[in-house]
Each structure stands twice: as structure tokens, then as C-alpha cells.
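Novice: Each residue of the sequence shown is one higher than the last, beginning at 167 in the working numbering.
My questions all concern the structure below.
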Amino acid sequence: MAENLSHLRADARDNRDRIIEAAREVFAEVGLEAPMREIARRAQVGPATLYRRFPTKDALVAEAFSDQMRACGRIVDDGLADPDPWHGFCSVVERVFDLHARDWGFSAAFMKTFPRAMNFAASRDDSLAKMARLVGRAKRSGGLRRDFVMEDLMIVIMANGGIRTESTSASVAASRRFAALALQAFAADPSRVKLPPAARVPLVIR
Numbered sequence: 167m168a169e170n171l172s173h174l175r176a177d178a179r180d181n182r183d184r185i186i187e188a189a190r191e192v193f194a195e196v197g198l199e200a201p202m203r204e205i206a207r208r209a210q211v212g213p214a215t216l217y218r219r220f221p222t223k224d225a226l227v228a229e230a231f232s233d234q235m236r237a238c239g240r241i242v243d244d245g246l247a248d249p250d251p252w253h254g255f256c257s258v259v260e261r262v263f264d265l266h267a268r269d270w271g272f273s274a275a276f277m278k279t280f281p282r283a284m285n286f287a288a289s290r291d292d293s294l295a296k297m298a299r300l301v302g303r304a305k306r307s308g309g310l311r312r313d314f315v316m317e318d319l320m321i322v323i324m325a326n327g328g329i330r331t332e333s334t335s336a337s338v339a340a341s342r343r344f345a346a347l348a349l350q351a352f353a354a355d356p357s358r359v360k361l362p363p364a365a366r367v368p369l370v371i372r
């Protein structure tokens, strides 16, 4: 009996891992609007198994991106620990943009409110509160322009999430260029921010 129970536990863990991996892939490809049935199909589990592990999409999204959310928190903590507040601010923007550029789904998840996934929302809000502290320090140091507001940061995060290219590497290159352009706009002295090489992205006019 013990062996059977152990097998069931291992099987359940395997199902959960496949669901999480499939969710990350599907959300990265098509966004958070992806239907749960597509995630179940990609994970090779039945809908009942999916909903037994994750009763709501909010819960699945929160779990799928929990690693990235923790990484985001560490990035902000590193920025706060930097003795140069402006350098810390720039580092946070560059690293968060890079994280978002690698996963379209996470960028959308970061901007969304999840009433049924409080741990995710709490982690995000904690990161934003710490970022606000860093913003205050960067202004007082003279590096960040005085009229900068947190909404400016959210706007460029949303814009960064709209970058679409043919590959992840191209998205990351475009995102790094965009981060530098944003930091030039945010800097009290734009000449302190050096631009990386221009990213080669297709021009699409709709």
C-alpha cells in the first residue's frame, strides 16, 4: 500500500510540474487569455486534473510566475542595496525589462490584479513599494529627474511588454535599447546614460 501511495504522490507531482511548465509556455506564446483547456492539452492531463490542482486561472498564473516574481523582488532588493541610488535605479529598470522581454506572459501577469492570488499580488506590491523608496533616494541623489512619478515607470513597463520580434534574443536586444532610451528620459542628466547598439526589428505598420 505504501508503495502505491508513493507512486500516486510522485504522479501528482509530475502532473503539477507539467501543468506549470505548459502554462508558462502557453502564456508566453499567447498571453493570459489562453484557455485552460489548451494548457491541459499541452500538459497532457485531463481538465479535471488541471482544475483539481488549480481551481482558477488566477491561481495557475500566480504559481506559474512565482519564480519570476521572486526574481523581480531580488532585483529591487539589489537596487536598494546599491550605494549609488541612481545606479541602483538604472540596474532595476534594465534587469526588470530584461526579465519581462524573455516572457510575454510574465509581463502581462505583472501588470494584472489577481484578487484570488494574494501571494502574487502581495509580492508585486512589495516590490513596487520598495521601488518607490529607491525612486525617492535616486531623486535626492540628483540622478533621477525631480518630476518623475511611479506611473512613468509603469507606462514604460507596459510599453516594453509590447515588444514583439521573431526571437527571444531579438526581443531582449530591443528591450535593452528601449530601457536605455527610457532611462535617458528619466535622468536628470541624459548624457549619463549610454545607448546600446540599435536593435534590428521588423517594422510593422497596421
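Cβ coordinates follow ideal geometry from the N, Cα and C atoms, glycine included.
Just curious, the alpha helix (DSSP H) that V211 is in, first and last residue?
Specialist: Element bounds for V211: n/a, residue is neither H nor E.
Novice: Using the C-alpha atoms, what's the distance from E229 back to R203?
Specialist: R203 and E229: Cα-Cα distance of roughly 17 Å.
Novice: Exposed or buried, D269, counting other C-beta atoms within 10 Å across all chains shown (16 or more means buried)?
Specialist: So D269 ends up on the buried side.
Novice: Considering just the uninterrupted stretch of the alpha helix (DSSP H) at I241, what are its terminal residues?
Specialist: First-last of the alpha helix (DSSP H) with I241: S232 to A247.
Novice: If you follow the alpha helix (DSSP H) that R343 is in, where does it begin and where does it stop?
Specialist: Counting along the chain, the alpha helix (DSSP H) containing R343 begins and ends at T334 to F352.
Novice: Quick check on P251: buried or exposed, where buried means 16 or more other Cβ atoms within 10 Å of its Cβ?
Specialist: Buried: at least 16 other Cβ atoms inside 10 Å.
Novice: State yes or no: is the C-beta of F263 within less than 8 Å of the C-beta of L310?
Specialist: It is not a contact, given that the beta carbons lie outside the stated cut-off.
Novice: Tell me where the alpha helix (DSSP H) around D318 begins and ends.
Specialist: Note, D318: alpha helix (DSSP H), M316 to N326.
Novice: Assuming contact is defined by CB atoms lying nearer than 8 Å, are D243 and K296 in contact in what I supplied?
Specialist: It is a contact, given that the beta carbons lie within the stated cut-off.
Novice: My guess is that L294 and F255 are in contact by the Cβ rule of under 8 Å, so how many angstroms apart are they, rounded?
Specialist: Not really, about 14 Å apart at Cβ, beyond 8 Å.
Novice: Could you check what DSSP says for L310 in three-state terms: helix, strand or coil?
Specialist: Correct three-state label for L310: strand.
Novice: Is it the case that the Cβ atoms of M235 and F286 are separated by a distance below 8 Å?
Specialist: Yes, they are a contact pair.
Novice: Let me check understanding here. Comparing Cα to Cα, which of F276, D180, A346 and V258 lies closest to I241?
Specialist: Among F276, D180, A346 and V258, the Cα nearest to that of I241 is on V258.
Novice: Kindly list the residues whose CB is nearer than 8 Å to the CB of F220, restricted to its own chain and excluding five residues on each side of it in sequence; keep chain order.
Specialist: Within the same chain, F220 has close Cβ partners I185, L226 and E229.
Novice: CB L216 to CB A237, shorter than 8 Å?
Specialist: No, the pair does not count as a contact, with Cβ atoms beyond the cut-off.
Novice: Nearest to F276 by alpha carbon, out of G302, M320, V315 and A188?
Specialist: Minimum Cα distance to F276 is reached at M320.
Novice: Using 8 Å for Cβ pairs, my map puts E260 next to R342. What's the rounded Cβ distance?
Specialist: At roughly 7 Å, the Cβ-Cβ gap stays under 8 Å, so E260 and R342 are in contact.
Novice: Once you ignore the five residues that flank D355 on each side, which residues in its own chain have a CB closer than 6 Å to its CB?
Specialist: Nothing listed; no residue qualifies.
Novice: Assuming S337 and A267 are in contact, meaning their beta carbons sit under 8 Å apart, how far apart are those beta carbons, in whole angstroms?
Specialist: S337 to A267, Cβ: 5 Å. Contact.
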